[in-house]
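For our numbering, count along the sequence shown from 1 and bump the result up by 89. Cβ coordinates follow ideal geometry from the N, Cα and C atoms, glycine included. Since this is a predicted model, take the numbers as computed values, not measurements.
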Amino acid sequence: MTKRLASFSLLMLLALPLSVAAEPRQVLLLHSFEREFAPFDAFAGNFRTELSKNSPVPVDFYEVSLQLARSNEKPPEGATLDYMHAMFANRRLDLVIPIGGPAVQFAQKNRQKLFPSTPMLLAAVDQRLVNMATLGHNDAVVSVLTDPSLVIDTILQILPQTTNVDVLIGSSPLETFWHDEIIREFQRFKGRLTFDYLNELSFGEVLKRSAALPPNSVIYFQLLAVDAKGVSHAEARVLHDLHAVANAPIFGDQGYQLGQGVVGGPLLAFDDLSRNTAAVALRIMDGESPEHLRPEPQQPGPQIFDSRELRRWGVSEESLPPGSIVEFRELTVWERYKWQIIAALSVCILEALLILALIANLIKRRVAERSLSESTNRLGAILGTAAEGILTFSDRGVIESVNAAARNIFGYTADEFLGRNVSMVLPAAFSTARERSVPNDGQTISPDINGIVREASGRRKDGSMFPIDLAVSEVVLADRRIFTGFVRDITERKQVQQMQREFGKQLLHAQEAERARLARELHDDITQRLGLLAMNADRLDSEADPIEQRKTISGIRDSLMVLSKDVHSLAYKLHPALLEHLGLAAALQAECERFSRQESIPVDFKLDGLPTDIPQEARLCLFRVAQEALGNVARHARARAVQVSLHSLDGGLQLAVADNGAGFDPGEHAQQPSLGLASMRERVRLLEGKLHIDSKRGHGTTILAWIPLEAHDLQDPANTENGESAVTNGIRAVSNSASDVS
């Protein structure tokens with residue numbers, strides 16, 4: 090015990106001189122600006138932290154702000170030197186560190202008066218501001234080499250449409266120096282970009298200008314310590330206010346600016362600069378010669394960007410230079426809560442395993458019950474969501490469930506369905522079930538179940554029969570079979586098919602009738618007139634009298650002219666050449682004039698805003714509809730006047746034919762097949778247009794046809810807002826016009 094106490098005392102005595110010798114190191118920081126001035130405040134803070142952390146002994150920092158950069162007058166250097174000599178007269182300084190260009194220039198100019206025997210480390214200064222020729226053996230330098238043109242190169246790469254660059258810089262001596270340097274650096278962009286320097290504007294004027302920049306502009310923020318009115322500004326506040334109003338992206342060249350509103354680019358990393366400077370300071374205070382501690386100037390890089398600003402200005406990350414770093418990305422839910430999610434999932438999995446282990450025996454005992462429950466759930470889901478009518482029934486034909494669609498199709502309620510035999514609604518589908526209402530003799534039905542959809546007949550509650558598509562599937566349960574019938578009402582489809590067959594028959598009859606009419610006209614009229622012309626031509630040979638010959642020739646000529654007009658009229662009815670050569674408007678106008686001459690009924694023809702290029706199909710469709718409508722007026726309407734209009738509407742063309750004739754009842758007319766109306770509807774339907782007929786006995790008839798012109802409008806107007814508005818507005822407009830005709 091005594092030996093241990095003696096050893097401990099000896100160690101304490103040996104350690105005492107070391108603790109006394111470990112005096113704090115004295116470091117003087119000579120600031121160009123006040124302490125909060127960016128970017129040097131960020132550098133100084135990081136530098137102090139790095140130096141204190143890595144120094145083996147405590148470090149005492151003394152700081153003096155020269156405040157040289159914000160003044161346009163010559164600073165009182167003598168008073169500043171006297172102040173520092175008086176302040177540190179009784180202190181031994183280990184290192185003097187001027188920070189920033191103004192402080193470095195002040196220190197180099199007054200090196201012999203400013204602690205000449207104390208090592209000096211010039212820091213956070215651009216190499217352009219260091220007078221390398223005056224450096225002594227006791228001076229070290231950790232400088233940077235700013236290259237503003239690299240920022241412009243980056244702008245042109247990610248925003249190649251840029252034409253204008255507003256350079257934001259103040260009017261202090263330091264800023265004036267950089268203003269001249271930037272002008273020189275940007276000479277190589279002459280002819281490619283227009284640069285506007287804002288050093289002659291107040292900060293308020295800068296904000297107004299930045300809010301109204303022309304397209305393809307950017308802002309290059311260099312430095313704003315003092316504006317044109319001599320007002321000092323803090324950089325953080327400047328960037329904040331500028332970012333709030335600017336209508337163009339902002340670029341800078343300092344790393345600390347990222348996250349304060351700049352897009353990014355080749356930024357100078359002040360964290361690296363602080364670490365490098367602290368490392369050199371430690372080596373000097375550890376005894377190395379300062380003149381050997383002058384590393385190469387730190388250059389900008391790497392390319393770093395703010396993802397929020399990229400997204401704001403529409404810059405794709407694919408356009409960034411290779412190797413670029415993107416910061417401030419919004420984390421996904423997985424990235425934010427990965428470990429929490431993993432922990433929660435682990436707990437859930439563990440709990441699930443425990444639960445599965447506890448209920449394993451219970452599951453084995455209830456396999457049959459669970460199987461039946463799952464089947465019931467599946468059937469319920471099908472019944473509840475399917476669009477077709479679905480009936481489930483047992484192998485004895487007893488209905489067990491129906492869905493809403495089946496109830497609507499057959500007209501029964503759910504209670505009226507359940508427990509009844511399926512033959513109640515499907516009489517011909519299941520013959521065995523049809524023979525008894527509820528089987529009780531042990532027999533089962535065996536419908537044709539192969540999954541094939543087949544046509545059958547269904548019976549509604551009122552006893553009426555109707556066509557259906559029917560498919561039956563079988564589900565085998567543990568103790569019995571369940572059948573599912575899928576029913577679709579095809580009444581409308583059958584009606585459409587019947588209408589198509591009727592229309593086809595009428596069309597064939599119409600074709601044959603038209604051919605017969607053409608044959609009669611050719612045989613009874615054209616052929617006989619041609620024969621008469623041939624006989625008159627033969628008579629010329631037997632007539633010697635010139636006067637009689639001239640009369641005969643004149644008669645032949647007149648007959649040929651009339652025959653030519655009749656043949657032309659017949660050809661026009663078959664195929665209107667005007668429609669091909671002169672367009673829809675001219676053909677419709679000619680048809681209206683022809684109708685007016687033949688029927689002695691005045692026609693008011695109006696055109697409004699037709700496109701220059703109308704597809705051939707649309708032209709022919711609208712012309713035939715108009716031709717058929719005028720034919721109906723001539724045959725049935727007994728009208729005194731007709732109005733025909735054609736105009737653009739909702740991406741298509743709308744034709745309206747209105748008369749003030751006798752009219753008819755559309756409800757009664759619908760029961761009588763009409764080839765003319767069916768032809769018009771079919772023509773319009775093939776072009777995915779809309780045809781509407783508005784008529785009333787004693788109030789005339791209006792036929793309205795709308796045809797889409799553009800490919801993306803080729804849809805049924807009745808199912809679209811535009812189409813509905815086209816028909817509705819057209820009916821209202823044409824009805825008003827028809828009343829005017831009356």
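Whole-number beta carbon distance between residue j and residue i, since they are thought to touch under 8 Å
| i | j | result |
| --- | --- | --- |
| V44 | R383 | Residue coverage of the chain in this structure runs from 90 to 831, which leaves residue 44 outside it and unanswerable. |
| S363 | E139 | 6 Å |
| D714 | V731 | First, the residue type needs correcting, since residue 714 is Val and not Asp in the sequence shown. Rounded, the Cβ-Cβ distance is 14 Å, inconsistent with contact. |
| L711 | L742 | 6 Å |
| L184 | P205 | The Cβ separation is near 14 Å, so there is no contact. |
| F136 | T366 | 6 Å |
| G789 | D754 | Their Cβ separation, rounded to whole angstroms, is 13 Å, which puts G789 and D754 out of contact at 8 Å. |
| F575 | I479 | 6 Å |
| V307 | P338 | 5 Å |
| V692 | V733 | 6 Å |
Helix, strand or coil at residue i [DSSP, three-state]
| i | result |
| --- | --- |
| W795 | strand |
| A144 | The residue asked about is misnamed: residue 144 is Ser in this sequence, not Ala. DSSP places S144 in coil when its eight states are reduced to three. |
| P516 | coil |
| R425 | helix |
| N510 | strand |
| G765 | helix |
| P635 | helix |
| L331 | helix |
| T809 | With a pLDDT of 37 at T809, under the threshold of 50, the predicted position of this residue should be treated as unreliable, and no value is reported. |
| D504 | helix |
| D558 | strand |
| A747 | strand |
| S321 | strand |
| E524 | Interpretation of E524 is limited by its pLDDT of 42, a score under 50 that renders its predicted location unreliable; the figure taken from the coordinates is listed afterwards. Coil, per DSSP. |
| G531 | Because the pLDDT at G531 is just 46, under 50, the model does not fix this residue reliably, and the value given afterwards should be weighed accordingly. In the structure shown, G531 sits in coil (DSSP, three-state: anything other than H, G, I, E or B). |
| V404 | coil |
| V153 | strand |
| T790 | strand |
| R577 | strand |
Contact test: residue i Cβ vs the ligand SAH heavy atom, cutoff 6 Å
| i | result |
| --- | --- |
| A314 | Although the ligand SAH was asked about, the structure shown includes no ligands whatsoever. |
Where the beta strand (DSSP E) through residue i begins and ends
| i | result |
| --- | --- |
| G354 | 353-355 |
| R543 | 543-548 |
| L245 | L245 -> not in any beta strand (DSSP E); alpha helix (DSSP H) instead, spanning 237-247. |
| D171 | Not the beta strand (DSSP E): D171 falls in the alpha helix (DSSP H), residues 166-176. |
| D568 | No beta strand (DSSP E) contains D568, which DSSP labels as neither H nor E. |
| P187 | 184-188 |
| S737 | 731-738 |
| S483 | 478-483 |
| S784 | 779-784 |
| V832 | The requested residue 832 is not part of the displayed model; the chain covers only 90 to 831. |
Strand pairing of residue i, partner residues [DSSP]
| i | result |
| --- | --- |
| T283 | N253 |
| A229 | L210 |
| H598 | DSSP lists no partner for H598. |
| E416 | D395 |
| R114 | V148 |
| Y309 | V256, F340 |
| Q388 | Answer is none; Q388 lacks a bridge partner. |
| L234 | The partner list for L234 (beta bridge, DSSP) is empty, contrary to what the question assumes. |
Bounding residues of the alpha helix (DSSP H) (the contiguous stretch that carries residue i)
| i | result |
| --- | --- |
| V714 | 705-721 |
| F275 | Taken as a continuous stretch (DSSP letters only), F275 belongs to no alpha helix (DSSP H), as it is neither H nor E. |
| T366 | 359-374 |
| H725 | Premise fails: H725 is in no alpha helix (DSSP H) and is neither H nor E. |
| V315 | Where V315 is concerned, there is no enclosing alpha helix (DSSP H), given that its DSSP letter is neither H nor E. |
| V491 | From DSSP, V491 is part of no alpha helix (DSSP H) but of the beta strand (DSSP E) over 488-491. |
| F684 | 673-688 |
| K297 | 292-299 |
Report yes or no: do three or more beta-carbon pairs, one from the region 111-121 and one from the region 138-149, lie closer than 8 Å? Look at the beta carbons and you see the region 111-121 touching the region 138-149: at least three pairs across the two are nearer than 8 Å.
Would the region 415-428 and the region 265-273 be scored as touching if the rule is three or more Cβ pairs under 8 Å?
With fewer than three CB-CB distances shorter than 8 Å, the region 415-428 does not count as touching the region 265-273.
| task | Specify whether the region 505-517 and the region 478-488 touch according to this definition: at least 3 beta carbon pairs, one from each stretch, less than 8 Å apart. | result | Touching, yes.
Next on the checklist: Any contact between the region 344-363 and the region 226-240? By contact I mean 3 or more CB pairs, one from each, below 8 Å.
Outcome noted: Short answer: they touch.
Query raised in the report: Between the region 340-355 and the region 186-199, are three or more C-beta pairs nearer than 8 Å?
Result: The region 340-355 vs the region 186-199: no contact.
Inter-stretch contact at 8 Å, needing at least 3 Cβ pairs: the region 249-257 / the region 285-301: In short, these stretches touch, since the Cβ pair count reaches three.
contact_flag[the region 236-252, the region 218-226] where n(CB pairs < 8 Å) is 3 or more | Flag = no, the region 236-252 and the region 218-226 do not touch.
Evaluate contact between the region 423-432 and the region 386-398, counting only Cβ atoms and requiring at least three cross-stretch pairs below 8 Å. Touching, no, given that fewer than three Cβ pairs across the two stretches are closer than 8 Å.
task: Check whether the region 303-321 touches the region 334-349, taking contact to mean three or more Cβ pairs, one atom from each stretch, closer than 8 Å.
output: Yes, since at least three Cβ pairs between the region 303-321 and the region 334-349 fall closer than 8 Å, the two stretches touch.
Q) Just checking, does the region 638-651 make contact with the region 678-685 on the three C-beta pairs under 8 Å criterion? A) Contact between the region 638-651 and the region 678-685 is absent, because fewer than three Cβ pairs lie under 8 Å.
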